[in-house]
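Just so you know, the protein sequences line up as chains A and B, in that order. Going by the UniProt record's numbering, the residue at position 112 of the first sequence is 112; the numbering climbs one at a time, nothing skipped. Going by the UniProt record's numbering, the residue at position 15 of the second sequence is 15; the numbering climbs one at a time, nothing skipped. Glycine residues also receive a C-beta, built at the ideal position from the N, C-alpha and C atoms. Contents: one structure, followed by commentary.
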Amino acid sequence: MTEPTPGHPEPAPEPAEPPRPTGRAALRAALWPPRASRGQLVAAVLLFVLGLGLAIQVRAAGSEDTALRGARPEDLVRILSDLEDRSARLEDEKSTLEDQRTELENSSDQAEEARRQSEERERQLGVLAGTVAAEGPGITLRVDDPTGAVTADMLLDAVQELRAAGAEALQINGVRVVASTSFVDHNGGVHVDDERIRAPFVVDAIGRPQDLEPALNIPGGVVQSLENKQATVAVTRPETVTVDALRSAEQPDYAQSSS
Amino acid sequence: MIAVLGLVLGVVIGVVTRPVVPTGMEPYLPIAVVAALDAVFGGLRATLDGVFDDKVFVVSFLSNVVVAALIVFLGDKLGVGAQLSTGVVVVLGIRIFSNAAAIRRHVFGA
């Protein structure tokens with residue numbers, strides 16, 4: 001504290017400070033009424049600049065295409081290398097997926113081939129099992145039996161002879177002959193698979209005609225032994241032989257496929 | 001009041017006219033805006049303290065903007081532009097917060 005210098009009048013006691021306006025009152029006073037003082041005008045100009053900058057910056061930050069324009073070189077380099085990494089990754093992924101696609105296409109081709117083969121096989125087995133009709137070259141054996149002397153074993157001989165000669169599908173009077181077909185003499189008639197058949201007996205056989213016909217005609221063979229019983233035998237070679245008698249496929253009760 | 005009108009007018013004009021900022025200026029604009037905000041909060045606090053002086057306000061406003069831009073420019077030249085920008089924003093943010101606290105005490109008495 002400095003002593004008041006002599007000779008100088010005591011500084012007049014400061015007038016009592018007016019009570020400081022509260023913050024809210026000061027704010028209100030600053031806002032209203034508008035005063036066109038120099039301070040206000042200067043502040044207005046600077047705030048105008050601030051508002052302008054604010055708006056520009058908000059717009060620039062919000063828009064996508066200008067986001068890169070203001071970026072620094074090192075940021076741009078980073079973004080670029082990120083993009084390159086990303087594109088390399090996507091390229092890898094693409095080639096992986098293409099490989100996968102090729103693989104799948106190949107496997108679907110293979111599946112198609114396997115399906116085709118199994119269909120083919122099903123048809124072949126169907127012909128053997130008698131579940132599908134068949135047609136092709138072959139012979140027709142017609143046996144007229146006026147005396148009723150033809151018995152089941154003679155027909156069975158004929159069928160076996162034809163089979164041995166390579167007949168692939170056989171039917172007798174509309175009954176398909178398969179592996180399990182039975183020939184039985186019953187009440188003076190012939191039953192094939194429990195179905196009575198009567199003369200004339202007509203055997204349709206699909207196979208190589210050049211093999212089938214001699215097999216029947218060999219000396220002491222089927223034709224001769226039938227003719228010895230006063231039966232009339234005729235072997236013809238039609239253009240196509242149709243074997244259209246069917247057997248229903250039976251599920252075996254006990255035998256299961258072991259493969 | 002006229003000052004507030006100036007702010008509103010600036011925002012409106014900025015939105016309506018869509019001015020294009022020179023490319024070289026673009027990195028400095030956000031920093032300059034934050035620095036100006038700091039000056040404005042300081043001015044508002046001074047007003048409430050009853051010590052507002054337009055000359056001080058003008059000088060602090062302009063020097064804030066210039067110094068902030070200069071720091072960022074220097075950082076860019078030194079290769080640490082991004083870090084310095086962050087630093088400047090942090091410092092200015094702290095100042096804005098402390099000014100805002102003072103203003104709050106004036107206006108709400110708490």
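>> Considering only the alpha carbon of each residue, which of A/174, A/109, A/199, A/54 lies closest to residue 193 of chain A?
In response: A/174
> Within the chosen definition, does the segment 42 to 62 of chain A reach the segment 51 to 70 of chain B through at least 3 CB pairs nearer than 8 Å?
Replying inline: Flag = yes, the segment 42 to 62 of chain A and the segment 51 to 70 of chain B touch.
> Which full runs of the beta strand (DSSP E) of 3+ residues lie inside the segment 144 to 204 of chain A, going along the chain?
Replying inline: 169 to 172, 175 to 177, 183 to 186, 189 to 192, 195 to 197
> So residue 236 of chain A is in the beta strand (DSSP E); what residue range does that whole segment cover?
Replying inline: 232 to 236
> Going by other Cβ atoms of all chains shown within 10 Å of its Cβ, with 16 needed for buried, is residue 85 of chain B buried or exposed?
Replying inline: buried
> Do residue 169 of chain A and residue 127 of chain A have their C-beta atoms within less than 8 Å of each other?
Replying inline: yes
> At which residues does the beta strand (DSSP E) containing residue 136 of chain A begin and terminate?
Replying inline: 134 to 136
> Are the segment 96 to 108 of chain B and the segment 65 to 81 of chain B touching, with three or more C-beta to C-beta distances below 8 Å?
Replying inline: no
> Do we get a CB-CB distance below 8 Å when we pair residue 5 of chain B with the residues of chain A?
Replying inline: With 8 Å as the cut-off, residue 5 of chain B counts as an interface residue toward chain A.
> If you measure from the beta carbon of residue 4 of chain A to each beta carbon in chain B, is any gap under 8 Å?
Replying inline: With a pLDDT of only 43 at residue 4 of chain A, under 50, the local geometry of the prediction cannot be trusted, and no value is derived from it.
> When the cut-off is 8 Å and only beta carbons count, does residue 42 of chain B lie next to chain A?
Replying inline: no
>> If you reduce the DSSP assignment to three classes, tell me which class residue 247 of chain A lands in.
In response: coil
> Can you tell me whether DSSP reads residue 218 of chain A as helix, strand or coil?
Replying inline: coil
> By Cβ distance below 8 Å, which residues in the same chain neighbour residue 13 of chain A in space, the five residues on each side in sequence not counted?
Replying inline: Residue placement at residue 13 of chain A cannot be trusted, given a pLDDT of 43 that sits under 50; the coordinates are not used to answer.
>> Nearer than 7 Å: is that true of the beta carbon of residue 63 of chain B relative to any heavy atom of the ligand ZN?
In response: Annotation note on the ligand ZN: not contained in the displayed structure, which lists no ligands.
> Given that residue 49 of chain A touches chain B, what residues does it touch there, using C-beta distances under 8 Å?
Replying inline: 10, 36
> Which residue's Cα is closest to the Cα of residue 37 of chain B: A/54, A/24, A/28, A/29?
Replying inline: Closest by alpha carbon: A/54.
> What three-state label does DSSP hand residue 101 of chain A in the structure shown?
Replying inline: helix
>> For residue 141 of chain A, list the residues DSSP reports as bridge partners.
In response: Bridge partners of residue 141 of chain A: A/203, A/235.
> DSSP state of residue 16 of chain B, grouped into three classes?
Replying inline: helix
> Beta-carbon of residue 57 of chain A versus every beta-carbon of chain B: anything under 8 Å?
Replying inline: yes
> With a cut-off of 8 Å, does the C-beta of residue 81 of chain B fall near any C-beta of chain A?
Replying inline: yes
> Which of the three DSSP states, helix, strand or coil, is assigned to residue 240 of chain A?
Replying inline: coil
>> For a test of the three-state rule: what should DSSP assign to residue 68 of chain A, helix, strand or coil?
In response: DSSP places residue 68 of chain A outside both helix and strand once states are collapsed to three, so it counts as coil.
>> Is there a Cβ of chain A sitting closer than 8 Å to that of residue 29 of chain B, yes or no?
In response: yes
> Hey, does residue 2 of chain B have any beta-carbon neighbour from chain A nearer than 8 Å?
Replying inline: yes
> Exposed or buried, which one is residue 39 of chain A when buried takes at least 16 other CB atoms within 10 Å?
Replying inline: buried
> Would you report the Cα separation of residue 140 of chain A and residue 245 of chain A, rounded to the nearest angstrom?
Replying inline: Counting only the Cα atoms, residue 245 of chain A lies some 15 Å from residue 140 of chain A.
> In chain B, which residues lie less than 8 Å from residue 72 of chain A when you measure between Cβ atoms?
Replying inline: 27, 76, 81, 82
> For the alpha helix (DSSP H) that contains residue 49 of chain B, what are its first and last residues?
Replying inline: Looking at the DSSP string, the run of the alpha helix (DSSP H) that includes residue 49 of chain B is 28 to 49.
> Straight-line CA distance for residue 216 of chain A to residue 189 of chain A?
Replying inline: One C-alpha to the other measures close to 23 Å.
> Considering only residues of the same chain and omitting the five flanking positions on each side of residue 171 of chain A, which have a CB-CB separation below 7 Å?
Replying inline: 177, 204, 243, 245
>> Can you tell me whether residue 79 of chain B is helix, strand or coil according to DSSP?
In response: coil
> Does the beta-carbon distance from residue 152 of chain A to residue 202 of chain A come in below 8 Å?
Replying inline: no
> So is residue 82 of chain A buried or exposed if we call it buried at 16+ other beta carbons inside 10 Å?
Replying inline: exposed
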